[in-house]
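Taken in order, the sequence shown gives residues 384 to 934; the numbers are from our numbering. Written out below as structure tokens is the structure these notes cover.
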Amino acid sequence: MSRDRALLERALDRGEQDGGNVEFKERLSRDVHLEGGRRESLAAQLRHRLLSGDGEATYVVGVTDDGGLAGVDPDTFSETMDVLSLLAEEADAHIEDVQTWGVNGVSDAAESEADRASETSGRGLVGVAQVREGGVLETDDEHVVVGTAGHVDHGKSTLVGSLVTGKPDDGDGATRAFLDVQPHEVERGLSADLSYAVYGFDDEGPVRVRNPNRKADRAEVVQEADRLVSFVDTVGHEPWLRTTIRGLVGQKLDYGLLVVAADDGPTRTTREHLGVLLATDLPTIVAITKTDLVDDERVEEVEREVERLLREVDKSPLRIARHGVDAAIDEISERVVPIVESSAITMDGLGTLDELFDRLPKTAQDTGEFRMYVDRSYSVTGVGAVASGTVMAGEVEAGDELLIGPMPDGRFQEVEVRSIEMHYHRVDKAQAGRIVGIALKGIKESAMERGMVLLPRDADPEPIREFEAEVMVLNHPTRIGEGYEPVVHLETIGEAAAFYPENGRLLPGDTGKTTVRFKFRPYLVEEGQKFVFREGRSKGVGTVTDVHPAD
């Protein structure tokens, strides 16, 4: 029997005992249960359940008063969760987790997307909502976002896993499993998509995740820490360079963390990833990992190689072991790159990284009205369509009315924010720099695509098919002529585009002007945005200088 199914059966077996913390509801509606005195009465009932359950309550939805499986349609279930969420807020609580089943008892988590798409509309849903004492989190400005980069098997995910848990690795990548979320990633030990992790700090030091595989533990860090550090862990394997670029360009990062393994040293991929970090003008730290595998002479040799690599691109390396953490914090910039030696097995150097992440100032600036480019989209039963990404500017709150788009035809669609989550913890609002999931009302998940943007309802966005740019060609075997078609990575956009250089051609090392035209559809592009373009091993960087509304 699955854990989810067991949870449902335990809730049904316990029933609504007097003084218990389990409540049965067939449905909740705004028109009935939030009107008159019903809202206050139901909120008081919820507070009673929380008191009886030592701060936790279980709501079983889609069942009759005597525990019979009635089931409700998905729209009714979604409205019920909205109402329960409002009641929870009034009771100074929040919904921590929701599990759903069809009336035949099959867990939605066990069904394929195709099964859900074909069957959900024809059956009722039963759900168990776990409500926990404590209101939604009020976020503050103490939130630093770090993007990792580096060659495959150089220890990015392992290092981050040890940082957020405070646990040493076992030498086989055990802490890496806290970040790799796809089954094939865990099986092969290679990341294939962006992963996220979080830890924090309070007056007593680091606030770590006890069990990263439990959503509640990650949420607890967000709730308890005074300062948060979120990691966007990118992909080191060369075939997924596009995903790495998306992680470094499409997030509102404060710092980059480039890892170089002491046994392997800098590689071509190291240079590729360093080039992307430099293109985004991101202050960067280099962590030399796996120092436990080699002797001191090899560590020194790799450190000198890293220093030469940095000087080749006009950066000044700063060895923290020699100059100290204070100097690194004072000097880190687009030009000065601190270097730290580390091992996730012996935990050497992780205290230094803790001190850096605890003290480094936030660098990403919050300017303008709310804007968030969609990085991922998914559908949650009982919640609906969810867009996730990094808030690039402004702030957003539950209940806000927004626009999302452009659609392939250039339109923007009106939506409403149902709720906001950050690292599995529901928050009242999200400011620039937060990595969040925003549940949206008024759109289906199938209509959302990576590269779309969320904006305030009163914004007047103009979809862009073509723009002017100043570009630098970093690497190309020949010349770039008219009609050259690389992939352009701008924010979370990754789209084929045609280049039309002002002077007809661009050579490796050249800086020049070009017109860039997206090949398939329009996007929201603004002056000043930076981008990376690549085609095979050819690559370059650019800045948008002018935009042309879609024709």
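Every residue, glycine too, gets a C-beta built ideally from N, C-alpha and C.
Under a Cβ-count criterion, where at least 16 other Cβ atoms within 10 Å of its own Cβ denotes burial, should residue i be classed as buried or exposed?
i, result
"residue 615", "buried"
"residue 404", "buried"
"residue 686", "buried"
"residue 927", "buried"
"residue 583", "buried"
"residue 440", "buried"
"residue 875", "buried"
"residue 613", "buried"
"residue 902", "exposed"
"residue 930", "buried"
"residue 424", "exposed"
"residue 530", "buried"
"residue 411", "buried"
"residue 649", "buried"
"residue 932", "exposed"
"residue 877", "buried"
"residue 696", "exposed"
"residue 827", "exposed"
"residue 907", "buried"
"residue 544", "buried"
"residue 925", "buried"
Which residues in the same chain as residue i place their Cβ atom closer than 8 Å to its Cβ, once the five residues preceding and following it in sequence are excluded?
i, result
"residue 731", "674, 675, 724, 725"
"residue 803", "779, 780, 781, 809, 810, 811, 812, 813, 819, 820, 821, 822"
"residue 522", "Summary for residue 522: the model assigns pLDDT 48, below 50, so the residue's position carries little reliability, and this model does not support an answer."
"residue 654", "692"
"residue 446", "395, 407, 408, 409, 452, 453, 509"
Near residue i, what residues of its chain come up, given a Cβ to Cβ distance below 7 Å and the 5 sequence neighbours on each side ignored?
i, result
"residue 665", "636, 638, 639"
"residue 537", "619, 642, 643, 644, 647, 672"
"residue 413", "462, 466"
"residue 722", "669, 671, 686, 689, 700, 701, 702, 703"
"residue 886", "895"
"residue 589", "549, 582, 737"
"residue 656", "532, 533, 627, 641"
"residue 716", "666"
"residue 660", "532, 631, 639, 641, 667"
One question on the structure: do residue i and residue j come within less than 8 Å of each other, judged by their Cβ atoms?
i, j, result
"residue 542", "residue 704", "no"
"residue 865", "residue 884", "yes"
"residue 879", "residue 868", "yes"
"residue 483", "residue 510", "yes"
"residue 863", "residue 888", "yes"
"residue 754", "residue 836", "yes"
"residue 751", "residue 772", "no"
"residue 794", "residue 824", "no"
"residue 611", "residue 525", "yes"
"residue 743", "residue 527", "yes"
"residue 415", "residue 471", "no"
"residue 586", "residue 608", "no"
"residue 914", "residue 897", "no"
Given residue i, which residues of its chain have a CB within under 6 Å of its CB, disregarding the five upstream and five downstream residues?
i, result
"residue 677", "645, 646"
"residue 916", "869, 871, 923"
"residue 759", "771"
"residue 567", "With a pLDDT of only 29 at residue 567, under 50, the local geometry of the prediction cannot be trusted, and the value read off the model is given with reservation. So no residue of the chain qualifies."
"residue 756", "772, 836, 874, 875"
"residue 783", "800"
"residue 444", "408, 463, 510"
"residue 488", "Any reading at residue 488 is ruled out, since the residue's pLDDT is 45, under 50, leaving its predicted position unreliable."
"residue 740", "612"
Let me check one thing: in DSSP terms, what residues is residue i bridge-paired to?
i, result
"residue 446", "452"
"residue 913", "926"
"residue 818", "773"
"residue 482", "511"
"residue 363", "Lying outside 384 to 934, the shown extent of the chain, residue 363 is not represented and no answer is given."
"residue 740", "DSSP, once it has assigned bridges, lists no residue as partnering residue 740."
"residue 722", "669, 702"
"residue 796", "787"
"residue 768", "762, 823"
"residue 802", "822"
"residue 363", "In the structure as shown, the chain begins at 384 and stops at 934. Residue 363 is therefore absent and cannot be evaluated."
"residue 546", "Paired residues: none, contrary to the question."
"residue 755", "774, 837"
"residue 613", "528, 581"
"residue 877", "872"
"residue 809", "804"
Can you confirm whether residue i, when its beta carbon is compared against all beta carbons of chain D, has any partner nearer than 8 Å?
i, result
"residue 554", "Protein chains in the displayed structure number just one, and chain D is not present."
Looking at C-beta atoms only, is the number of pairs between the segment 821-840 and the segment 754-772 that lie closer than 8 Å three or more?
-> yes
At least 3 beta-carbon pairs within less than 8 Å: the segment 838-854 vs the segment 783-795 = Yes, they touch.
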